[in-house]
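Here my numbering is used: position 695 in the sequence shown is 802, and no number is missing along the way.
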Amino acid sequence: MRNLSLTESDIGQLKTLWKLGCTQSADFPGKEQNRRSNDTFYCKDFFYDESDALMNESARQTALNEFKSQLLTCSKNQFTHFTSLDSALSERIICQYQESPLDPKVSDQDAVRNAHQLLTRLPAVPLQIDLTSHLWGDPSTVKLPNEYLNQDVYIDENSVNPRSPWSQLQVVSRISTVTLKLALLVTNSDDGRRNLGLGLRSFVDFISRLLDAGSSAGSSDYDILGNSIVDAFLWTTWQRSLMLHYWFILKTHLVSGYNSEWDTILALRGCVKLSNPSVRATLHGSARQNHDYMCPWAFQLLRSSRVSLGLDFRRFHEHFSTLHRGKGARCQFESSEPCDGSHPLSCGRFLDKRLVQGEQSLHDESCSGSCKKICWDAKSYTKITGPTAISLKGCSAKVRYTQANEDTLAISHVWSHGQGSRPHAGINKCLHKRYIGLAKSHGCTSYWIDSMCIPSSHELRTEAIGFINRIFATSKITLVCDKDLMAVDISNLTRDLIESVLSSFFVCDWNVRAWTLLEAMKGSHAIYILCRFNKTISLRDALIEIHQFGSVDISILCLTAQHLIPSSTEAFRRSSSRQSTEVSGSLLSHRHATRDNDDIVIWSLLSTIHVYHNAEDMWRSKIGHRIATAYLLSNTPRLEGTRGFSWAPKTPYIRIESEGPTRNLLGPYHSFEGSNSELGQITPRGLLAEWLVYYIALEDALLYQDSPVTMTELSVTGERKETVLPGHKTINNCWSLAQSFCDTYEHVILIQPRVNSRSVAYNAANNRGETHGDVFAICVSQDEDRWTWKSVQAWPRSISSPPFFSDTLLIE
């Protein structure tokens with residue numbers, strides 16, 4: 108996959124932009140003005156008018172539509188279209204370089220070199236999307252004026268549609284002034300400036316709003332072509348700006364350590380085009396995915412992150428295919444087909460015992476396979492007070508123990524990959540020697556592995572699990588053992604190979620399990636990956652190398668798995684070790700734990716100081732605490748028959764309700780932590796909170812129960828025509844279910860979270876491209892004083908939402 112290359116003209120423009128940006132702009136908002144959010148970046152995104160007054164949504168949308176029309180006018184001159192579009196958009200942002208006292212002082216030459224080096228690590232051509240037949244079809248049948256094309260541009264034969272002129276469009280292949288300005292900004296700014304991150308996010312969201320905006324365009328062929336050119340220009344700008352924005356955030360995390368306060372900056376608005384199935388298939392790489400070895404569920408988990416919005420997975424798929432070329436699917440027993448990717452339990456690797464490694468104590472690669480197992484010394488184990496680890500001293504017939512400390516090597520592995528066991532059953536002696544050698548090579552004095560440090564007896568197991576947080580948080584390193592990664596030879600560790608290892612790492616079996624999530628989060632300060640010949644690679648070093656010198660699209664994939672981002676200082680490690688109930692629940696929502704109630708154990712280990720083995724006890728311990736109401740709007744099953752907790756998830760894990768061909772997958776309402784939503788108070792009587800409420804009225808059925816199905820026809824010229832299909836309707840399942848409760852309960856309501864302390868709906872999806880519309884909870888009551896939580900359902904996009912009002916509810 109080719110990277111972006113800069114022309115001499117581009118480099119000259121970088122030099123000019125840097126010099127101009129180092130001079131204070133008279134148009135930059137003053138410190139006393141509301142629209143100023145930081146010292147160095149300002150986007151004229153129509154949030155404020157020229158008098159510095161906040162614009163209402165209607166006025167703002169009008170301004171966006173008018174600017175979109177201005178861009179359309181710029182596109183009509185095929186000879187000057189790129190220059191005109193570029194100039195119009197560039198005028199919307201102002202960069203003041205070296206203005207912040209926090210920014211490092213760099214020379215003009217270094218500043219330009221920094222930006223140049225970053226830009227040449229972006230993909231040459233952004234992801235292709237289906238705009239109209241003008242840009243998607245066969246060039247031989249599409250009449251596109253040559254002046255819109257750059258004939259010298261390389262056409263990628265591996266693209267979704269290599270016959271399309273997409274990559275040759277000037278608005279796609281050329282580098283905009285906005286991209287140059289942002290590259291200079293993010294590479295030469297201090298890495299801890301959260302206000303700058305907020306400013307960058309506002310610009311990325313501004314571009315997405317322009318993509319969604321209408322215009323005053325008519326339906327002539329020329330306007331349709333112009334709209335396609337404008338959208339291609341905006342889409343390219345959005346893609347590249349998004350990557351630079353994420354690169355800046357990752358830069359901060361790698362220097363200062365992961366900080367959850369930056370999470371909201373990652374939540375971008377998205378755009379309506381992301382809901383188009385062909386666009387989604389293109390973005391996720393499935394349209395050209397040619398490898399079956401990757402588990403579709405593992406990839407689904409990767410792209411379910413909020414950060415996956417609009418990410419470019421093309422190079423990721425290329426690297427994975429190269430590393431695992433020739434390997435067949437492994438999701439289903441004796442099947443050449445992978446799983447469908449809909450849920451962890453649709454993949455046989457989580458439940459099918461036939462896919463578990465038969466011998467759960469494999470031998471080291473250097474062993475002939477004839478060595479015997481070495482079992483635990485029970486007396487040695489029980490003598491240790493506190494967290495227990497394996498001593499490196501001696502190698503007798505039994506494993507001896509010592510207290511785990513800051514010089515312990517903690518091993519995190521996939522149980523089914525051949526190292527699962529129990530202390531009384533033992534571990535092969537060659538593996539024991541392997542970990543002794545690895546521990547010593549990393550300056551450790553002991554090592555910990557669950558198969559030899561968590562006994563089977565209930566009392567000892569409970570005690571050992573209670574120490575897991577401490578063991579991984581204080582360990583010197585956490586060693587990841589996954590069979591796919593352990594098969595990779597890193598003897599000649601090139602940058603390209605590091606990218607391949609990371610690509611495989613993000614979707615490996617180890618990264619989709621619940622226990623390993625916990626171990627990774629607690630041990631994130633020093634994660635190492637075990638590769639072939641017992642060689643290791645530091646995750647931190649790998650991420651820094653690729654962030655600074657490798658492909659930007661690969662490095663920012665780490666943001667989809669934030670629990671893997673290295674922490675930094677000792678103080679930070681201690682403060683970040685425990686996550687909120689909402690954050691940890693969101694992370695665990697799609698990660699499988701084999702044992703019953705292990706999901707609750709892991710949830711409590713992540714979010715509390717105590718270990719709980721059932722959900723009721725965990726939630727009762729939170730009485731007097733608050734919870735983000737938007738977090739509850741997911742399809743996690745709820746506690747039943749427990750008064751005061753009908754709203755409380757009985758597991759963080761989104762499970763399958765039934766088995767067989769009629770099974771109903773709980774989803775697609777993902778569990779997000781609900782930051783900035785209204786907080787509810789957990790009381791002994793139930794959850795007390797402010798919600799947006801609509802009372803089900805049967806007389807409204809004609810308005811909300813269904814809607815006609817329409818078919819969109821696309822002409823050769825790109826015109827779209829909506830036709831109603833007789834006899835076909837979209838059924839509103841949310842309304843149907845709510846209405847069914849009216850036979851039993853006096854009052855049935857739909858509720859929606861509010862933005863914190865505001866009577867505005869909290870939009871969890873935030874136009875992220877989900878196929879469903881708004882998501883509501885259904886609650887019922889006989890007296891309107893106490894409510895019971897019944898279900899979470901999506902409201903179809905094609906049906907207008909009912910009117911909501913704010914009210915305080917007690918949900919028992």
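Cβ coordinates follow ideal geometry from the N, Cα and C atoms, glycine included.
Nearest neighbour of residue i, chosen from the options [CA to CA]
| i | options | result |
| --- | --- | --- |
| PHE313 | ASP297, LEU349, LYS288 | LEU349 |
| LEU124 | THR489, LEU499, LYS288 | LYS288 |
| VAL816 | TYR400, PRO756, THR837 | THR837 |
| ILE653 | ARG602, LEU545, SER691 | ARG602 |
| LEU251 | SER296, LEU307, GLN205, ASP330 | ASP330 |
| SER519 | VAL587, SER428, GLY476 | VAL587 |
| GLU206 | PHE135, TYR801, GLN168, THR169 | PHE135 |
| GLY455 | PHE154, CYS402, LYS500 | CYS402 |
| CYS438 | SER487, PHE420, LYS460, GLY128 | LYS460 |
| ALA374 | ARG143, THR667, SER116, PRO494 | THR667 |
| ARG228 | GLN177, THR187, CYS181, THR294 | THR294 |
| ASN302 | GLN168, TRP896, GLY435, ARG142 | ARG142 |
| HIS531 | THR286, LYS505, ASN618 | LYS505 |
Opening and closing residue of the beta strand (DSSP E) in which residue i lies
| i | result |
| --- | --- |
| LYS897 | 895 to 901 |
| THR915 | 912 to 918 |
| GLU797 | 793 to 802 |
| TRP483 | 480 to 483 |
| ILE497 | 495 to 498 |
| LEU805 | Here LEU805 belongs to no beta strand (DSSP E), and DSSP marks it neither H nor E. |
| GLU555 | Going by the sequence as given, residue 555 is Trp instead of Glu. 553 to 555 is the extent of the beta strand (DSSP E) around TRP555. |
Rounded separation between residue i and residue j - CA only
| i | j | result |
| --- | --- | --- |
| VAL823 | PHE340 | For VAL823, the pLDDT reaches just 45, beneath the cut-off of 50, and the residue's location in the model is therefore unreliable, although a value from the coordinates is still provided. Taking the straight line from one Cα to the other gives about 22 Å. |
| THR915 | ALA868 | 15 Å |
| VAL219 | SER598 | 35 Å |
| ARG681 | SER674 | Low confidence applies here, because ARG681 scores a pLDDT of 48, under 50, leaving its location unreliable and the question unanswered by this model. |
| LEU538 | ASN641 | 11 Å |
| GLN346 | ASP338 | 12 Å |
| ALA160 | ASP813 | 41 Å |
| LEU746 | LEU317 | 44 Å |
| HIS670 | SER631 | 7 Å |
| PRO756 | ALA722 | 8 Å |
| SER197 | PHE310 | 11 Å |
| ILE709 | VAL690 | 13 Å |
| PRO562 | SER693 | 30 Å |
| LYS486 | THR569 | 18 Å |
| ASN110 | LEU225 | 11 Å |
| THR736 | GLN788 | 10 Å |
| SER687 | LEU171 | 38 Å |
| LYS138 | VAL414 | 32 Å |
Cβ-Cβ distance between residue i and residue j below 7 Å
| i | j | result |
| --- | --- | --- |
| PRO230 | ASP660 | yes |
| ILE584 | ALA633 | yes |
| ILE497 | SER553 | yes |
| CYS378 | SER315 | yes |
| ILE663 | HIS360 | no |
| GLU272 | LEU256 | This sequence places Pro at residue 272; Glu is not what is there. Yes, the pair counts as a contact, with Cβ atoms nearer than the cut-off. |
| SER696 | SER778 | yes |
| LEU712 | LEU625 | yes |
| GLY333 | LYS183 | yes |
| ILE282 | ASP117 | yes |
| TRP842 | TYR802 | no |
| PRO759 | ASP706 | yes |
| CYS150 | ILE200 | yes |
| CYS560 | THR495 | yes |
| ALA594 | ARG647 | no |
First through last residue of the alpha helix (DSSP H) which encompasses residue i
| i | result |
| --- | --- |
| HIS520 | From DSSP, HIS520 is part of no alpha helix (DSSP H) but of the beta strand (DSSP E) over 515 to 520. |
| CYS588 | Note, CYS588: premise wrong, no alpha helix (DSSP H); beta strand (DSSP E) at 584 to 588. |
| ALA571 | 565 to 573 |
| ALA722 | 722 to 727 |
| THR701 | Careful: THR701 lies outside any alpha helix (DSSP H) and carries neither H nor E. |
| GLY455 | 455 to 458 |
Residue i beta carbon near the ligand PLP (any heavy atom closer than 6 Å)
| i | result |
| --- | --- |
| TYR738 | The ligand PLP is not part of the structure shown, which contains no ligands of any sort. |
Within-7 Å CB hit, residue i to chain D
| i | result |
| --- | --- |
| ILE663 | In the structure shown, chain D does not exist; there is a single protein chain. |
**Prompt:** Would you call the region 544 to 553 and the region 572 to 580 touching, i.e. three or more CB-CB distances under 8 Å?
**Reply:** no
**Message:** Pairs of beta-carbons, one from the region 843 to 855 and one from the region 782 to 800, closer than 8 Å: are there three or more?
**Reply:** no
**Message:** Assess contact between the region 605 to 615 and the region 420 to 436, defined as three or more Cβ pairs (one per stretch) separated by less than 8 Å. Is contact present?
**Reply:** yes
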